[in-house]
Amino acid sequence: MLHRGRESTDGDGGPAVPMAWFYAEYIADELLRTGDLMPPTSVEFRAGRDALALTVFLSDTDGELSGIRVITQLETWLSLTAYDQPWQEWVQERLDDLAADAVSGRGAPGPDLELAVEAWRWLRETELLAPDLNAVPGGGAAGEDEGPKVWTPAWQLGLPLGHLAIHLF
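Be aware that the sequence shown starts at 2, since it is given in my numbering, and climbs by one per residue.
This is the structure we're talking about:
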């Protein structure tokens, strides 16, 4: 079962359906739900889902992520989402490469790329109030609602959630 992003639903050359992006979102959603880290209705869940979906979508360089390959890709996704990796630079580079391919005619911009770009924009521009883990030096353990909080870009909260969800899977 291959998922490509340039297929019409009825085969008549109608509008393309973003199947690759939808499949990446589905995988990300399942990983996060399995990990049971956040309520699925929370913005934190959305941040994790979008960060994971971008990772899944952009790491599929052949455009053919099949159901059986999901398991074999877990290690790749873990390494891409690891704390010490420049994930945000990698995302921007891959999006730029895909956009350049579309402009040069080697690929179509299509709805998959449009949705990926929109998810990346949301992750960069949306800020979530999160515990400031750097603000409790040597202090006692502060509860989730007790300690200082800081506004954080959504990707900085979603990426570790996605990484943890992969580990828990």
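Every residue gets a Cβ at the ideal spot worked out from N, C-alpha and C, and that includes glycine.
Quiz item: Is it a yes or a no for the segment 49 to 56 touching the segment 119 to 136, going by three-plus beta-carbon pairs under 8 Å?
Solution: yes
Quiz prompt | Nonlocal neighbours in the same chain, by C-beta distance under 8 Å from Leu75, ignoring five residues either side | solution = Ile167, Phe170
Exercise. Have a look at Pro149, Phe23, Glu126 and flag the residue whose alpha-carbon is nearest the alpha-carbon of Pro132.
Key: Pro149
Quiz item: If we ignore side chains and look at the alpha-carbon of each, how far apart do Met39 and Gly159 end up?
Solution: 11 Å
Practice problem: Could you spell out where the beta strand (DSSP E) holding Pro161 opens and where it closes? | Solution: Counting along the chain, Pro161 falls outside any beta strand (DSSP E), though it belongs to the alpha helix (DSSP H) covering 155 to 169.
Quiz prompt | Cutoff 7 Å; reference Val71; Cβ partners in own chain excluding five residues on either side | solution = Ile28
Self-check item: Neighbourhood of Thr77 by C-beta, 7 Å cutoff - its chain only, sequence neighbours within 5 removed
Solution: Ser60
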